[in-house]
Amino acid sequence: MKSGFLGLTPIQLTGLILGIAGLFLPLLLPIATLSTAGQIGLGIFIMAAIFWMFEPIPIYATSMLVIFLQVLMLSAQGPVYMDSELPVSNPVELREQNWQIPTEALRDDGTVLVSVEPGETQTVSVQVLDRNGQHAIVQSEELTTGHNIVTNPDHRLVNYQPNSYTDYIGTLANPIIILFLGGFMLAEASVKYNLDKNLTRYLLGPFGTRPRFIVLGLMLVTAVLSAFMSNTATAAMMVTVILPIIAQLEPEDRFKFGLALAIPIAANIGGITTPIGTPPNAIVIAALTEYGIDISFTDWIIIAAPLVLVMLVFSWWLLLTLFPPGSNRFDLKLEGKLNLSAKAIGLYVIFGVTVLLWITENQHGIPSSMVAFLPVAALVTGRILNKNDIRKLPWDVLWLMAGGISLGIGMSQTGLAEWMISGLDWGAMGYITLVLAFSIVAIAMSNFLSNTVTATLLMPMVISLQVSGVMGESFNLLITGIVVAVACSLAMVLPISTPPNAIAMSTGIIRTKDMAKMGIIVGVTGVLVILAYAVFYWPIVTS
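Residues 25 to 567 (the working numbering) make up the sequence shown, in order.
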């Protein structure tokens with residue numbers, strides 16, 4: 025039901041009001057322990073989180089707004105920091121350890137700020153001997169004539185060095201975005217020339233006619249396709265494959281629920297396999313890259329594929345247990361003919377070469393994002409994709425990811441990310457507890473929010489634990505990032521949790537209670553499997 029105001033529902037209108045209020049609240053109620061830039065960043069973060077949750081505007085529009093506000097309010101070229109300099113003054117030595125400094129430089133706690141380097145200050149203790157108008161006489165063993173005393177401790181440049189606006193708008197050309205663009209273009213071409221359907225026909229052939237193995241085949245094919253294509257597109261295609269199978273079942277046969285649920289579950293899990301399988305993978309990889317941790321295409325597969333296989337086999341067993349087949353045989357009717365046109369053959373070559381280069385990245389050393397430019401350039405140069413095909417690409421997803429990367433940059437640059445985790449005693453939290461905490465939070469949030477949004481909100485906190493050093497030597501940034509990426513993709517309790525869930529629900533076959541039951545069991549098991557891999561497997565393959 026529309027509210028009548030701006031065409032928004034009451035929930036969306038509430039989100040709009042809360043988001044706008046959240047943007048300005050940190051500036052209206054300043055936080056003493058957070059810099060001015062951090063307060064601006066906090067406002068942008070609150071607004072983005074609320075807008076992403078309530079969707080008063082599309083989620084990709086929120087990402088665009090985030091980038092715009094950061095350029096406007098946090099960049100060196102924006103009106104807030106343009107031509108701005110930190111006001112400093114050198115102390116005048118009167119006699120040993122006695123100094124004359126500007127009175128306004130004194131803080132209430134008997135200290136002054138000294139500018140160490142751009143964006144960084146340190147606190148120096150002083151003892152006030154005399155105040156005389158604009159100057160004060162103080163005693164201090166720490167001051168030197170080379171110090172630059174900050175004359176306005178509340179200045180917006182204290183503990184902040186604004187970066188260029190290009191750092192924010194340049195996220196749309198981030199290597200991870202290019203990697204996904206290449207994947208999207210391959211997926212679009214595969215659909216256009218029926219490569220996806222032909223792959224399905226050939227891959228499902230070996231699984232015979234027994235119901236349990238047909239389900240296994242459907243899940244494996246869906247997972248493999250989701251590793252290289254959008255899991256949404258894969259789910260949409262595979263649902264059309266199962267409908268004729270379900271039509272062969274008796275109306276009371278509960279196996280139809282299992283068949284219909286197999287597709288979204290396999291699509292969600294399969295996306296974990298490769299860096300291009302699902303956006304949370306890209307968000308995590310991009311954040312890790314910012315801190316000098318590069319993960320190749322092959323490395324990610326080595327990290328993720330074993331867990332994917334375990335979760336697929338478990339989900340297959342669970343589906344057959346909850347929804348056992350009522351008959352012993354099905355006839356798969358998979359019709360189709362391999363497209364042998366010149367453009368289709370060109371697609372097959374480009375697809376094969378690209379995937380081969382991706383999975384052999386460790387051998388030849390060409391980054392996967394650079395390889396992704398091969399299909400980007402070749403598919404349009406060879407006229408395999410035209411301008412109408414390019415227009416159909418999911419640009420909204422790329423904008424959403426770019427906004428998330430930009431938000432992470434802003435939170436790190438302003439010190440907001442570090443401030444957000446400073447209130448908890450992370451040092452008292454053990455490694456296992458930390459893994460469990462991030463796994464549970466990521467799955468819980470992703471069931472109600474986009475998994476991309478969840479990864480976007482959690483990764484700055486993960487990065488902050490590394491930067492602050494509060495976890496000590498027990499903290500592993502790479503593994504914690506992997507935990508977030510994997511957990512985000514294991515959220516599948518509700519129809520709104522993931523697009524594949526929504527697509528499967530749209531068939532009218534699945535009941536919400538069955539989806540919730542499967543999703544809860546898969547999610548809880550996923551947390552335990554993640555913990556096992558984080559303790560026993562990932563430390564070995566990432567060392």
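A virtual CB, placed ideally from N, CA and C, is assigned to each residue, including glycine.
Keep in mind it's a predicted model, so treat the numbers as computed, not measured.
Please give the ranges of any alpha helix (DSSP H) in the segment 76-105, keeping only runs that are unbroken, at least 4 residues long and fully inside the region.
83-97
Own chain, CB closer than 8 Å to Leu9, minus 5 neighbours either side, in chain order
The requested residue 9 does not occur in the structure, where the chain is confined to residues 25 to 567.
Go to Asp154, then tell me how far its beta strand (DSSP E) extends in each direction, as first and last residue.
151-156
Where does the unbroken alpha helix (DSSP H) through Gly135 begin, and where does it stop?
It is Thr, not Gly, that sits at residue 135 in the sequence shown. Here Thr135 belongs to no alpha helix (DSSP H); instead the beta strand (DSSP E) covers 135-141.
Using a Cβ-Cβ cut-off of 7 Å (strictly less than) and excluding sequence neighbours within five positions of Phe231, which residues of its own chain qualify?
Phe237, Ile238, Leu240, Gly241
Which of the three DSSP states is assigned to Ser113 in this structure?
Collapsing the DSSP output to three states places Ser113 in a strand.
Based on the DSSP secondary-structure assignment, which residues constitute the bridge partners of Glu144?
Glu141
Can you grab the Cα-Cα spacing for the pair Cys512 / Val182, in whole Å?
Rounded to the nearest angstrom, the two C-alpha atoms are 36 Å apart.
Would you list the residues sitting across from Asn122 in a DSSP beta bridge?
Partner(s): Arg119, Gln163.
Hey, could you find the ends of the alpha helix (DSSP H) Lys411 is sitting in?
411-415
Presumed contact (8 Å Cβ cut-off) between Val162 and Gln146, rounded CB distance:
The Cβ separation is near 16 Å, so there is no contact.
With three or more beta-carbon pairs closer than 8 Å as the criterion, would you say the segment 529-549 touches the segment 283-294?
yes
Alpha-carbon spacing of Ser567 relative to Ile319, whole angstroms:
12 Å
DSSP three-state label for Ile464, please.
helix
Which residue wins for smallest C-alpha separation from Ile467, given the options Ile554, Phe499, Asn386, Thr322?
Ile554
Tell me where the alpha helix (DSSP H) around Gly547 begins and ends.
536-556
Length of the line joining the Cα atoms of Tyr192 and Pro235:
Rounded to the nearest angstrom, the two C-alpha atoms are 51 Å apart.
Tell me which residue opens and which closes the alpha helix (DSSP H) that Gln490 is part of.
475-492
Alpha carbon of Lys216 to alpha carbon of Val559, nearest angstrom
43 Å
Please state the DSSP three-state secondary structure of Ile433.
helix
Helix, strand or coil, according to DSSP, for Ile383 in the structure here?
helix
Thinking C-alpha only, which one of Leu66, Phe75, Asn292, Ala509 is nearest Ile309?
Ala509
Report back the beta-carbon spacing between Asn198 and Glu128 to the nearest angstrom; my notes put them in contact at under 8 Å.
Not a contact, Cβ separation roughly 42 Å.
Reference Ile533, options Ala100, Leu267, Gly493, closest by Cα:
Leu267
Helix, strand or coil at Val182 [DSSP, three-state]
coil
Touching by the beta-carbon criterion (3+ pairs, under 8 Å), the segment 293-302 and the segment 243-260:
Yes: the two stretches touch, three or more of their Cβ pairs being nearer than 8 Å.
Start-to-end residues for the alpha helix (DSSP H) that takes in Tyr529
First, the residue type needs correcting, since residue 529 is Met and not Tyr in the sequence shown. Counting along the chain, the alpha helix (DSSP H) containing Met529 begins and ends at 523-529.
What's the C-alpha gap between Phe499 and Pro348?
44 Å
Can you tell me the Cα-Cα spacing of Glu165 and His171, whole angstroms?
12 Å
According to DSSP, which residues form a beta bridge with Ile173?
Ser113, Val138
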